[in-house]
Amino acid sequence: MRSIKAAVVRSAGEPFNYQSLQLDPPRADEIHVQIKGVGLCHTDLIVSGGVMPYQFPAVLGHEGAGIVRAIGTEVTKVSVGDSVLISFRSCGSCDRCDKQLPAYCRSSVQLNYSGRRLDGTTPLKDQHQGEVSGNFFGQSSFATDVITYERNVVRVKPELPLEILGPLGCGIQTGVGSVLRSLQVEAGSSLLIVGGGAVGLSAVMGGAIADCESLVLVEPVEARRKLAQEFGATEVIDPVANPEWVKECRGRYPQGFDYALDTSGHAGAQESALKCLATMGVLGLVGLGSRENKPPGRANLLVSNGQTLKGILEGDSDPDEFLPELLEYFQQGKLPFDRMVRTFPLSQINQAVTAVNDGSCIKAVLIPDEEPTDESRC
230 MRSIKAAVVR
240 SAGEPFNYQS
250 LQLDPPRADE
260 IHVQIKGVGL
270 CHTDLIVSGG
280 VMPYQFPAVL
290 GHEGAGIVRA
300 IGTEVTKVSV
310 GDSVLISFRS
320 CGSCDRCDKQ
330 LPAYCRSSVQ
340 LNYSGRRLDG
350 TTPLKDQHQG
360 EVSGNFFGQS
370 SFATDVITYE
380 RNVVRVKPEL
390 PLEILGPLGC
400 GIQTGVGSVL
410 RSLQVEAGSS
420 LLIVGGGAVG
430 LSAVMGGAIA
440 DCESLVLVEP
450 VEARRKLAQE
460 FGATEVIDPV
470 ANPEWVKECR
480 GRYPQGFDYA
490 LDTSGHAGAQ
500 ESALKCLATM
510 GVLGLVGLGS
520 RENKPPGRAN
530 LLVSNGQTLK
540 GILEGDSDPD
550 EFLPELLEYF
560 QQGKLPFDRM
570 VRTFPLSQIN
580 QAVTAVNDGS
590 CIKAVLIPDE
600 EPTDESRC
């Protein structure tokens, strides 16, 4: 086994505990990756907070990037020494995967949210040999090293800044993919985005790539509104200073928006976005709200206006296809997501959580601050 460091959640609602763990060597179908950087995502926080059921203690993290250090005998996609992004896991053999929609894989819950391999084991143990849930999104990358799988990884050019690329595997692909893949926004159309966090600002960049004629962001934080304008937003709205913003939008855009995307998860914001939608318009829902949230709009209004509500997961991304596309946009200067990133040592993950929660940080990326050490195999 290998001695590693990881940020462990001992039970729901507790802070992360940075500690030593033991990591199994890779099995025949597994890949050992040394993490160079990992994004902190809202999903990590709602799982650690107990909003979604999970087996604790656990190592979370699902926006990893790193170097392949060992591979199992059945692995052919990558080699030792390759730089890789790690995204969500899918089976690769169901009808959804066959249609290049792996985010909706029939086995998605078991592969991404069970905390276990398919045989019920976990690759992580604590110093007392107690089991610690791993395999979160097929990676559990709040750690110096992880076990992952071929369906998770995408190779990256070694000259790219690997440490900050991890968010492409979830948050960035969700925002950009929601616009380009899920909504399939056309050039010259109008798009309203509610919420200017990492996903919302990524959607703004996606709208600019799609060449939207009207690209409007609703966001209360001034610094994020300013960044959105630099990313290509044609207009930004402060909903706190202008609580009548829906009425104002209907006045400025009397036909309504062709597309709208809510990244906030708030029922009121979703309802407001729907009120701004044109006939035949589509409202995409990305943000996870509370369990009490009800879908916006009444059915008869949706019918009479020919409108569509669309749930979106991972931006309908096929990582093998879409992550290389995002990397090209990044290299071309069309996707400057690095301007949203603030790095923290992995050992300071709780400070990163505070910075994200208080709004002072848009996208936190955690950098392992010490090299792991090899130990004898068990």
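For what it's worth, this note's numbering labels the leading residue of the sequence shown as 230, then goes sequentially. Yeah, the Cβ is synthetic: ideal placement off N, Cα and C, and Gly gets one too. Just so you know, these numbers come straight off a predicted model, no measurement behind them.
In angstroms, rounded to a whole number, what distance separates the CA positions of residue i and residue j?
i: R318; j: A489; result: 28 Å
i: G429; j: G404; result: 6 Å
i: P601; j: E557; result: Residue placement at P601 is flagged as unreliable, the pLDDT there being 49, under the threshold of 50; the coordinate-derived value follows with that caveat. One C-alpha to the other measures close to 32 Å.
i: A416; j: Q484; result: 17 Å
i: Q580; j: P597; result: 14 Å
i: A439; j: S232; result: 46 Å
i: R346; j: S337; result: 13 Å
i: H271; j: G535; result: 32 Å
i: P331; j: Q356; result: 36 Å
i: A507; j: V465; result: 19 Å
i: A299; j: F245; result: 28 Å
i: S370; j: G344; result: 12 Å
i: E554; j: Q358; result: 42 Å
i: L250; j: V238; result: 13 Å
i: A287; j: D467; result: 38 Å
i: C478; j: D491; result: 16 Å
i: Q248; j: V511; result: 46 Å
i: W474; j: D327; result: 43 Å
i: G197; j: S546; result: The question about residue 197 has no answer here: the residues shown for the chain are numbered 230 through 607.
i: V262; j: G295; result: 6 Å
i: P472; j: E448; result: 12 Å
i: F573; j: H291; result: 16 Å
i: V582; j: R380; result: 29 Å
i: K455; j: Q402; result: 22 Å
i: L552; j: G400; result: 12 Å
So what's residue i in DSSP terms, helix, strand or just coil?
i: R410; result: helix
i: M434; result: helix
i: F573; result: strand
i: S362; result: strand
i: K386; result: coil
i: T559; result: Per the sequence shown, residue 559 should be read as Phe rather than Thr. Note: F559 maps to helix in three-state DSSP.
i: R479; result: helix
i: R298; result: strand
i: I466; result: strand
i: V276; result: helix
i: F245; result: strand
i: Q263; result: strand
i: K306; result: coil
i: Q251; result: strand
i: L542; result: coil
i: A439; result: coil
i: V236; result: According to the sequence displayed, residue 236 carries Ala and not Val. The answer is strand: DSSP assigns A236 an E or B state.
i: G268; result: strand
i: R454; result: helix
i: S419; result: strand
Residues in its own chain within less than 7 Å of residue i by CB, not counting five upstream and five downstream?
i: S418; result: C441, E442, D487, Y488
i: I612; result: A query on residue 612 cannot be resolved here, the shown segment of the chain reaching from 230 to 607 and no further.
i: L252; result: M230, R231, I233, P352, L353, D374, I376
i: V307; result: I260, V297, I300, V313, V382, R384
i: T463; result: S443, L444, V445
Let's test the definition: count the other Cβ atoms within 10 Å of the Cβ of residue i and tell me whether it reaches 16, buried, or not, exposed.
i: S501; result: buried
i: N341; result: buried
i: P387; result: exposed
i: P390; result: exposed
i: T302; result: exposed
i: M281; result: exposed
i: E550; result: exposed
i: Q284; result: exposed
i: K592; result: buried
i: Q499; result: buried
i: Q560; result: exposed
i: K476; result: exposed
i: A427; result: buried
i: R606; result: Caution applies to R606, whose pLDDT of 29 falls short of 50 and renders its modelled position unreliable; the model cannot decide the point.
i: R568; result: exposed
i: G395; result: buried
i: A452; result: exposed
i: D587; result: exposed
i: A432; result: buried
i: Q577; result: buried
i: P565; result: exposed
i: N364; result: buried
i: E459; result: exposed
Quick one: does the C-beta of residue i sit closer than 6 Å to a heavy atom of the ligand PLP?
i: R256; result: Among the components of this structure there are no ligands whatsoever, and the ligand PLP is therefore not found.
Looking only at its chain, what residues have a beta carbon closer than 8 Å to the beta carbon of residue i, apart from the 5 residues adjacent to it on each side?
i: Y378; result: D258, E259, I260, R318, G367
i: A241; result: S277, G278, G279, Y283, F285
Quick one: residues in its chain with C-beta nearer than 6 Å to the C-beta of residue i, no 5 flanking neighbours on either side, listed in chain order?
i: C590; result: R571, A584
i: R256; result: G301
i: S423; result: Note on identity: in this sequence residue 423 is Val, with Ser being the wrong assignment. Answer for V423: V447, D491, S493, A498, A502, listed in chain order.
* **In chain order, each alpha helix (DSSP H) run of at least 4 residues that lies wholly inside the region 316 to 364** => If we require 4 residues or more, the alpha helix (DSSP H) runs fully inside the region 316 to 364 come out as 324 to 327, 337 to 342.
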